[in-house]
Amino acid sequence: MRVITVFIAIISGLAVLSGYFLSGLFPVLTEVQTHLLNGAIILTGIAALVGIFNLISVHTDKVRRGEKGSVYSALLVISLVITFFLGIILRPEHDAMQVVMNGIVIPTEAALMGILTISLLYAAIRLLRRRVDMMSIIFLLTAVIILFGSATLPFGEIPLLGTFSRWVTQVWALGGVRGILIGVALGSLTTGLRVLFGADRPYGGN
Amino acid sequence: MISIELIIFAVSAFLLLAITLWKRKSPARLREIPALSQLYRMMGLSVEDGTRLHISLGSGGLLDMRGGSALAGLAMLRHIAERTSVSDNPPVASAGDPTLGLLSQDTLQAGYKAAGAEDLYAPTTGRVTGLSPFGYAAGAMHISQNENVSVNIMIGHFGPEVALLAGASERESVAIVGASDSLAGQAVLFANTQDALIGEELFLAGAYLGAGASHLASLTVQDILRWLVILALLGGAVMKILETI
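Below you can see the structure in the form of structure tokens.
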């Protein structure tokens, strides 16, 4: 069974990849690629449902065992079930569902964004307590320069700081960003190749 | 006409296959990466003191550009599951994408099977904690705070929301090892962790944890390709200069 799984995975991967590289020579590959990708998108939709049931199962289990924080788990399951069935019965366009979205989901995510700002500030303050080295000092100094160089200050722009900040962003930071992204792209390429050759099998292989 | 992308792909594939065969015979010498050495130590400690490892795989899906980091996270999860499955508190994996959640369950099960402990596997140890980045972070924070976790390993696609996860772990004195393919996530992790993993170091974990010859070969292929990119950039710059003279 495992051999069949690996075979299907490798053949599917090669077919999708060939669609990108060799569609000029073999137009049928584009069609094969489209069919496979459409299938993958449908499976992703089904996986979302499975994921939701996994979430319910994990949290009901916590409530049943009375684990630490199970009150939040109960709240999550109740809210999820109510929203799920209301969404099916009323449809997502209904006013009540819009209230749930605009009055609960979006403000909650916005609140998390607010907390994130404080968390980042706190992390920056604690950085030098955690690790005192040249890179940390450069990191903090750059952050402060970019912040003050791009912020709207009550007394107007600081001339030299603004220019310096733009120079740091457009020359040094941009160079660094490209270097990091090239490294990430090369890592993604070799990881993808390992999966394609069956060396890594995240789909149930050994 | 054969495109440049196809040539790069074919050369990389050939190099990976050839070097994998070579690496099976010769031992590898790797440079010291503090975060990965620390991770190796902490894996052993968590089994000894009966605490849990939480592997956060991020919110990257497999059908987009972020698939590479998701696959790197799964490769590491597979190895960690095999090594720590016999612990009193087996590892928990969380994902912010449904396909990644399903694959994390499969990967965990494969790890348990390889360790000869398939009976101990529980499907609820591979979880989808939310379907948006902030939703995922909120759900994953809950695991670090309530499930006797000693180490939070964050490998995958994380944006700035990883600060919430790192902050929650820090409040519970949970050690953090983190790597992201996103620049914002890397910056946040640099400020929040003792030893940050930057750029392609995200993809090195398997090789450092002894996941096999193919992982070691990946490192060598990455190095060769990096030198080729450097030579191409320098060559391009020289040609541009010569053009203007």
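Note that the protein sequences, when read in sequence, are chains A and B.
All residue numbers for the first sequence refer to the working numbering, where the first residue is 507 and numbers rise by one.
All residue numbers for the second sequence refer to the working numbering, where the first residue is 28 and numbers rise by one.
In this text, a Cβ means the ideal position worked out from N, Cα and C, and glycines have one as well.
query: If contact means a Cβ-Cβ distance below 7 angstroms, which residues of the segment 666 to 694 of chain A contact chain B?
result: Residues VAL683, ILE686, ILE688, GLY689, VAL690, LEU692, GLY693, SER694.
- prompt: Secondary structure at MET103/B, three-state DSSP: helix, strand or coil?
  reply: Residue state, collapsed to three classes: helix.
message: Between which two residues does the alpha helix (DSSP H) holding LEU89/B run?
response: From DSSP, LEU89/B is part of no alpha helix (DSSP H); its letter is neither H nor E.
field: Any alpha helix (DSSP H) of 4 or more consecutive residues that is wholly inside the segment 29 to 75 of chain B
entry: Fully enclosed alpha helix (DSSP H) runs of 4 or longer: 31 to 50, 61 to 75.
query: Name the DSSP beta bridge partners of HIS242/B, please?
result: DSSP lists no beta-bridge partner residue for HIS242/B.
message: Less than 7 angstroms between C-beta atoms, sequence neighbours within five positions excluded: which residues of the same chain meet that for GLU227/B?
response: Cβ-Cβ distances below 7 angstroms link GLU227/B to GLN249 in the same chain, with the five nearest sequence neighbours on each side left out; the list follows chain order.
field: Same chain, Cβ closer than 6 angstroms to ALA244/B, five either side skipped, listed in chain order
entry: Here the set comprises LEU43, ILE46, THR47, LYS50.
message: Spatial neighbours of ALA602/A within its chain, please: C-beta separation below 8 angstroms, excluding the five flanking residues on both sides.
response: LEU592, LEU596, listed in sequence order.
- prompt: Rounded to the nearest angstrom, how far is the Cβ of THR152/B from that of PRO125/B, given a contact under 8 angstroms?
  reply: That pair is no contact at about 16 angstroms.
message: So that I know if they touch, is there some Cβ in chain B lying closer than 8 angstroms to that of GLY698/A?
response: At least one CB of chain B lies nearer than 8 angstroms to the CB of GLY698/A.
- request: Label PRO708/A either buried or exposed according to how many other C-beta atoms from any shown protein chain fall within 10 Å of its C-beta, with 16 as the threshold for buried.
  value: Taking all protein chains in view, the Cβ of PRO708/A is crowded by 16 or more other Cβ atoms within 10 Å, so the residue is classified as buried.
SER131/B (DSSP reduced to helix, strand or coil): Three-state result, SER131/B: helix.
Minimum Cβ-Cβ distance from ILE225/B to chain A less than 8 angstroms: Closer than 8 angstroms: yes.
field: chain A contact for PHE41/B (CB, 8 angstroms cutoff)
entry: Taking Cβ atoms only, chain A never reaches closer than 8 angstroms to PHE41/B, which makes this a no.
- request: Kindly say whether SER53/B, judged by its beta-carbon, lies nearer than 8 angstroms to any beta-carbon of chain A.
  value: No, because no Cβ of chain A sits closer than 8 angstroms to the Cβ of SER53/B.
field: Under 8 angstroms between C-beta atoms of LEU274/B and ALA193/B
entry: Chain B is shown only over 28 to 272; residue 274/B falls outside these bounds and no answer can be derived.
- prompt: Looking only at its own chain, which residues have a Cβ that is under 6 angstroms from the Cβ of GLU212/B, when we skip the five neighbours before and after it?
  reply: According to the sequence shown, residue 212/B is Gly rather than Glu. The answer, listed in chain order, is PHE185, GLY186, VAL189.
- prompt: Among the residues of its own chain, which have a CB less than 6 angstroms from the CB of GLY205/B, if the five just before and after it don't count?
  reply: Answer for GLY205/B: MET181, LEU216, THR220, listed in chain order.
query: Counting contacts by CB-CB distance shorter than 8 angstroms, is SER529/A in contact with chain B?
result: Closer than 8 angstroms: no.
task: Can you pull the chain B residues whose beta carbon is under 8 angstroms from the beta carbon of GLU615/A, in chain order?
output: Residues of chain B with a Cβ closer than 8 angstroms to the Cβ of GLU615/A are, in chain order, SER159, PHE161, GLY162.
- prompt: Using the beta-carbon count (16 or more within 10 Å), is PRO613/A buried or exposed?
  reply: PRO613/A counts as exposed, since fewer than 16 other beta carbons sit within 10 angstroms of its beta carbon.
field: Among GLN132/B, LYS267/B, SER64/B, PHE161/B, the one whose alpha carbon lies nearest that of ALA149/B
entry: Distance from the Cα of ALA149/B is smallest, within the candidate group GLN132/B, LYS267/B, SER64/B, PHE161/B, for GLN132/B.
- request: Measuring only between beta-carbons, confirm whether ASN544/A sits less than 8 angstroms from chain B.
  value: At a cut-off of 8 angstroms between beta carbons, ASN544/A makes no contact with chain B.
query: Assuming TYR273/B and SER86/B make a contact with CB atoms under 8 angstroms, what is their CB distance in whole Å?
result: The requested residue 273/B does not occur in the structure, where chain B is confined to residues 28 to 272.
query: Alpha carbon to alpha carbon, how far is ALA240/B from PHE670/A?
result: Computed Cα separation, rounded: 47 angstroms.
- request: Taking only the alpha-carbon atoms, compute the straight-line gap between ARG61/B and THR111/B and give it to the nearest angstrom.
  value: Note on identity: in this sequence residue 61/B is Pro, with Arg being the wrong assignment. About 21 angstroms.
message: Taking the straight line between their C-alpha atoms, what separation do you get for LEU561/A and THR156/B?
response: In a straight line, the C-alpha of LEU561/A is about 6 angstroms away from that of THR156/B.
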